[in-house]
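If you want the numbering used here, it's the position in the sequence shown, counting the first as 1, plus 221. All C-beta atoms in this analysis are idealised placements derived from N, C-alpha and C, irrespective of residue type, glycine included.
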Amino acid sequence: MLHLFQEHDPARSLQGCKLQGLFQGADLIDLDESAIGTEAKEVGMVAGTKLETAGAAAAGAAIVCCVTMTACSSPFGLPISGSVQTLAPVEQQTQRVYTNPQGPADDAQPETIVKGFYDAMPAGVQSDGYRVAREFLTGSASAGWNGDSSALVYSGTPDFRRRANTMSTPQGAESSLIVEVQLQVVGSLDSHGVYTPTDSSTISKVPYILIKRSGQWRISSLENGVVISTADFEQVFRQVSVYQVSTSGKQLIPDVRWLSWRNWRTQAVGEVLSDAPSWLEGVLRGTGLPTIKLAVDSVPVKNNVVEIHLNSGINALNEEERGLLVHRIRLTMGDGNAEYALKITGDGVDYSDADANVKLTTEQPTAGVYTLTGGHIVSLASSSPLRVGEAPGYDDARGFVFSSSGGAVLRADGVVECLKSDGASCGVMFSGESMRSITEGLDGEVWAVSENGRELHVSDGGKETDLKLDWLGAADSIVALAVSPEGCRLALAVEGEDTNGVMMTGVARNGDKTLSGLSKAATQVSVLRHVTMLTFYNDLNLVYATTPPEGNSEQQEAWRQMAPGPANAQRLPNGTITSMASGQISLSRRLAIVDDLGIVRSVSGSLDGSWTIADSQVTALGAQ
């Protein structure tokens, strides 16, 4: 049973999770060092880093072959380490490995050549740098092909079909033809490791031109990039959070990328030094890094120390800028954990301790989960529900947000009403205009979607701000929204002609963390239709659910994903789910849902796990 969530809080990391001697040195397997890559061989060897669980097993398997290991997990069933999903503590999984793909057989048919190329590509990403995959290409095709430029991710089984080549056969070749591979593509990666989902209902056709020389078929023409199955994707690509600094200078934003296991550290440092993706433009602190590069295109691990050698560009930064850069690199290398050995130099100058005074951490604020139940406001944080306020008259409420400092309720008529800490009304919000949905924001903010689904409104301590989304199509509308724990990312469920699914955009903040605006662009997180509710479980994981239109025979579904990244369907309890929230429930972080009968259930780890009833006769569910 796959765990649903990755914890990313070093303060709660388990000490003593070790690789149990699996990585004892470089001489683990007789493979060419240059093919494997230093980073792939040294995964898990850095002293003090969090165990990279399933991801570490995948990379370690590139050297060790078929390593089986058990994930470290928190006492309440949520993994607290690792970069990809892990198994429950009682279960084990043997990771798929790709250290020994087979090259082309003599006299193989064209379809077999292309299939062999597909079978060899995962090893190229994970370990051998496409050494075997290139054996299926002609010399000129191999020289021109860049496997690391992009990736297509597909589900199901590829269909290899031979087609006639209408182009003339090259000189010296005996024959030529086309093998067309039909795929159900579900996503893609760009050269920076940014994942974008794709509508899988459309079959993609990928052509390969093959020529025959000396009786042997080889691929002579193909597009750059690799083609990887969903089963292989999370085995050969490593999820890495490239930590960005918000405009306020007080928040860290995890910018999720998917990088090849064989050289992920080198790629990750390159991404820290590169421009941020467009959907985060305007929400990040300017760093002035264009002139800073890796002095050597490699990030080795020597004597349990990650060594990063930069050029002289780092010398031009002031002390504060340099400290932030070193800290960002440290957190990116350590999956949010700063407690490990790192050596950073710039033109020979040691800057390893430049971030000693930087206080930015990845620790997440604790959110409480509350219910509106029979006129009472109830906290679910402790082992048993606790009344914390009285709010009568909202038995038909459509939405609810609350914290120890107060909150808001979305009435049946669409008006949002302010609530004091004891539940008493403090007046209407947003000039009494009708709203479609509300959600909690940062430090007591209340975010709302207008009834027409076109505008956003934010209330913060009585100050109200109206926002518009520049990227929203003229025929699109927002159904629901969720603000990330650090408050610098906004996830939106959108329905329309131009855009459908879940989008994510950046939130800019001032030095006091107050809202200053939104990014002018967005990134697609999901193409799933009819998403009506969503929440950030933690800083990396987004959970959302569908509600098919009335009369539609489709069933409600829940999905989770590291956003952006591949989505995985999950099971929901029986009944119609009306809303969801995440936060502290019964002394641990959990996901909560409420159904149309007013029953609140919660779960930790996997939605396929054991759901526990937390409250009943509930009108609305909220968190802050």
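Among the options, nearest to residue i - alpha-carbon criterion
i	options	result
P379	T451, S774, S698	T451
V746	Y416, A669, A326, H548	Y416
Y615	L593, P606, V622	L593
V504	I565, S740, V461	S740
S573	A559, G610, A633, T333	A559
N199	K564, G557, Q465	Any property of residue 199 remains undetermined from this structure, which presents the chain solely from 222 to 845.
W485	Q456, G408, P498	Q456
I430	P343, V402, A489, P785	V402
V463	V374, G555, L531, P418	G555
W668	D411, L501, L404, G620	G620
A790	V824, L828, L808	L828
S409	I449, M388, S435, D634	I449
S371	V700, E718, V346	V346
G324	G350, P343, R355, V679	R355
G414	P391, V461, S376, I440	V461
S604	T833, W366, D733	T833
E654	H597, G635, L538	G635
Cβ neighbour criterion (16 or more within 10 Å) applied to residue i
i	result
P511	exposed
P331	buried
D496	exposed
P613	exposed
E638	buried
I257	Summary for I257: the model assigns pLDDT 41, below 50, so the residue's position carries little reliability; its value from the coordinates is reported in the next sentence. It counts as buried.
P586	exposed
L808	exposed
Q762	Correcting the residue type first, residue 762 is Asn in the shown sequence and not Gln. The residue in question, N762, is buried, as its Cβ has 16 or more Cβ neighbours within 10 Å.
I529	buried
I219	There is simply no residue 219 to check, as the chain begins at 222 and stops at 845 in what is shown.
V477	buried
T744	buried
A344	buried
I598	buried
M388	exposed
Straight-line Cα distance separating residue j from residue i
i	j	result
M724	I798	22 Å
S397	N386	6 Å
Y758	G843	13 Å
Q838	P606	13 Å
K641	M650	13 Å
V715	G722	5 Å
E707	A362	46 Å
G738	E676	13 Å
L552	E778	34 Å
S652	S671	12 Å
V579	R543	10 Å
G786	A562	29 Å
V520	V374	27 Å
V748	E718	12 Å
A489	S646	49 Å
W366	D328	24 Å
Which of helix, strand or coil DSSP assigns to residue i
i	result
G368	helix
I513	coil
I535	helix
Q782	strand
Q392	coil
G360	helix
S499	helix
Q347	helix
R506	coil
S652	helix
R750	coil
A354	helix
W832	coil
Y375	strand
D617	coil
First and last residue of the uninterrupted alpha helix (DSSP H) at residue i
i	result
H548	540-554
A847	Residue 847 lies beyond the residue range present for the chain, which begins at 222 and ends at 845; the question has no answer from this structure.
L443	Looking at the DSSP string, L443 is not in any alpha helix (DSSP H), and its letter there is neither H nor E.
A452	451-457
First through last residue of the beta strand (DSSP E) which encompasses residue i
i	result
A489	No beta strand (DSSP E) holds A489; the alpha helix (DSSP H) holding it covers 485-494.
D681	676-681
T735	T735 -> no beta strand (DSSP E), and no H or E assigned at all.
K689	684-689
S800	798-806
W479	473-481
S823	821-824
H597	597-600
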